[in-house]
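Structure record follows, encoded as structure tokens.
Take a look at the structure:
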């Protein structure tokens, strides 16, 4: 059984910062907006689609975000086709961003994208 992190809150082991899920409206076909792409930090991640579920991939990207020293404050995992008009095979991608916490407003929809899950630092209210 693979763990699900969709509804959970994740804590950084090295401090008091707390990552929470970004509340995306379905369908989960979200990518970073151009403004958010300007805040990209760390190296992008990728993996074969068969190796992860949406939840385990998002947890993997979040773990990379937490374990690097690149100032990551938001992490996004998603899948997309290897080729837009190809065999239908998909690939996982992960991106990390610095700066303020993100909301759905920081992302845009793209029809070929699936399985989008993002985490961001909890905003103090």
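In mature numbering (1 follows the signal peptide of the UniProt record, and there is no 0), the protein residues as written are -17 to -1, 1 to 108.
Don't be surprised by glycine CBs; every beta carbon is placed ideally from N, CA and C.
Small disclaimer: the values here were computed from a predicted structure and weren't measured.
The beta strand (DSSP E) enclosing residue i, as first and last residue numbers
| i | result |
| --- | --- |
| residue 49 | Careful: residue 49 lies outside any beta strand (DSSP E), inside the alpha helix (DSSP H) at 37 to 49. |
| residue 28 | 23 to 31 |
| residue 11 | Segment: none, residue 11 is in no beta strand (DSSP E) and carries neither H nor E. |
| residue 5 | Run containing residue 5: none; DSSP gives neither H nor E here. |
Alpha-carbon spacing of residue i relative to residue j, whole angstroms
| i | j | result |
| --- | --- | --- |
| residue 55 | residue 2 | 11 Å |
| residue 74 | residue 30 | 6 Å |
| residue 63 | residue 36 | 13 Å |
| residue 86 | residue 40 | 20 Å |
| residue 53 | residue 97 | 26 Å |
| residue -4 | residue 6 | Residue confidence for residue -4 is low, a pLDDT of 39 falling below 50, so the modelled location carries little weight; the figure read from the coordinates is stated next. In a straight line, the C-alpha of residue -4 is about 25 Å away from that of residue 6. |
| residue 10 | residue 51 | 30 Å |
| residue 26 | residue 80 | 10 Å |
| residue -17 | residue 33 | Confidence is the limiting factor: at residue -17 the pLDDT is only 39, short of 50, which leaves the residue's position unreliable, though a coordinate-based value still follows. Going by the C-alpha atoms only, they are around 15 Å apart. |
Which of helix, strand or coil DSSP assigns to residue i
| i | result |
| --- | --- |
| residue 93 | coil |
| residue 65 | coil |
| residue 106 | coil |
Spatial neighbours of residue i in its chain, beta-carbon cut-off 7 Å, leaving aside the 5 residues before and after
| i | result |
| --- | --- |
| residue -12 | Residue confidence for residue -12 is low, a pLDDT of 42 falling below 50, so the modelled location carries little weight; the figure read from the coordinates is stated next. Correct list, in chain order: 4, 38, 100. |
| residue -1 | 104 |
Residue environment, residue i, which counts as buried when at least 16 other CB atoms sit within 10 Å
| i | result |
| --- | --- |
| residue 95 | exposed |
| residue 20 | exposed |
| residue 72 | exposed |
| residue 89 | buried |
| residue 12 | buried |
| residue 49 | buried |
| residue 14 | buried |
Cut-off 8 Å between Cβ atoms - residues of its own chain near residue i, not counting five sequence neighbours on either side
| i | result |
| --- | --- |
| residue 43 | 28, 30, 35, 60, 77 |
Opening and closing residue of the alpha helix (DSSP H) in which residue i lies
| i | result |
| --- | --- |
| residue 18 | 17 to 20 |
Beta-carbon contacts of residue i that lie in its chain and below 6 Å, excluding the five residues immediately before and after
| i | result |
| --- | --- |
| residue 65 | 72, 74 |
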